[in-house]
Amino acid sequence: MNNLISIVEIPTTSFARAVRFYQSVLAVDIQEIDMQGTQMGLFPGGADTVNVALVNGTDYKPSDQGTLVYFNGGEDLQAILDKIEVNGGKVLVPKTLIDAKNGFYAMFTDSEGNRIGLHAYK
Numbered sequence: 001m002n003n004l005i006s007i008v009e010i011p012t013t014s015f016a017r018a019v020r021f022y023q024s025v026l027a028v029d030i031q032e033i034d035m036q037g038t039q040m041g042l043f044p045g046g047a048d049t050v051n052v053a054l055v056n057g058t059d060y061k062p063s064d065q066g067t068l069v070y071f072n073g074g075e076d077l078q079a080i081l082d083k084i085e086v087n088g089g090k091v092l093v094p095k096t097l098i099d100a101k102n103g104f105y106a107m108f109t110d111s112e113g114n115r116i117g118l119h120a121y122k
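Numbering follows the UniProt record's numbering, in which position 117 of the sequence shown is assigned residue number 117; successive positions increment by one, without gaps.
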């Protein structure tokens, strides 16, 4: 087992809006599928990675109070933060130094109201 976590599902109210938000903010392609009546938007991933999906179904409710997922912010998470608000999200914690060894973090709410974190070493 390479990762303790296998899959992360991010709830949506408006599936199309959430897909646009994450494609714009993270500059990724999201594959849209229907899984037994639940809309899913699959982020790029693979067998040895943690797989992330946007989900829209009757049992999924966005929240800013539940489990917090941190996305890898790449070389400089400020480039991602600059796209948050223009795409319908809100920056909650700006780029903040953790310490010299652990890098930086930030937090935002996405277009659906979910609280999401970012992490980068630079």
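Beta carbons: idealized from backbone N, C-alpha and C, even for Gly.
This one's a predicted model, so the numbers in the text were calculated from it and none came from an experiment.
{"Item": "Just mark Val25 as buried or exposed, buried being the case when its beta carbon has 16 or more other beta carbons within 10 Å.", "Value": "buried"}
{"Item": "Taking the beta carbon of Met40 as the centre, do at least 16 other beta carbons fall within 10 Å, making it buried, or is it exposed?", "Value": "buried"}
{"Item": "Within 10 Å of its beta-carbon, does Ser111 have 16 or more other beta-carbons around it, so buried, or fewer, so exposed?", "Value": "buried"}
{"Item": "Could you give the C-beta distance for Ile10 and Leu54, rounded to a whole number, given that I count them as a contact under 8 Å?", "Value": "5 Å"}
{"Item": "Which residues in the same chain as Gly37 place their Cβ atom closer than 8 Å to its Cβ, once the five residues preceding and following it in sequence are excluded?", "Value": "Gly57"}
{"Item": "Specify the secondary structure class of Gln31 as computed by DSSP and reduced to three states.", "Value": "strand"}
{"Item": "Suppose the cutoff is 7 Å on Cβ atoms and the five residues either side in sequence are ignored; what does the same chain contact list for Lys61 look like?", "Value": "Pro11"}
{"Item": "Which word fits Leu68, buried or exposed, when buried means at least 16 other C-beta atoms lie within 10 angstroms of its C-beta?", "Value": "exposed"}
{"Item": "What did DSSP end up calling Glu85 once you bin it into helix, strand or coil?", "Value": "helix"}
{"Item": "For Asp29, I'd like the list of residues in its chain whose CB is within less than 6 Å of its CB, leaving aside the five on either flank, ordered along the chain.", "Value": "none"}
{"Item": "For the alpha helix (DSSP H) containing Val25, name the first residue and the last one.", "Value": "Phe15 to Leu26"}
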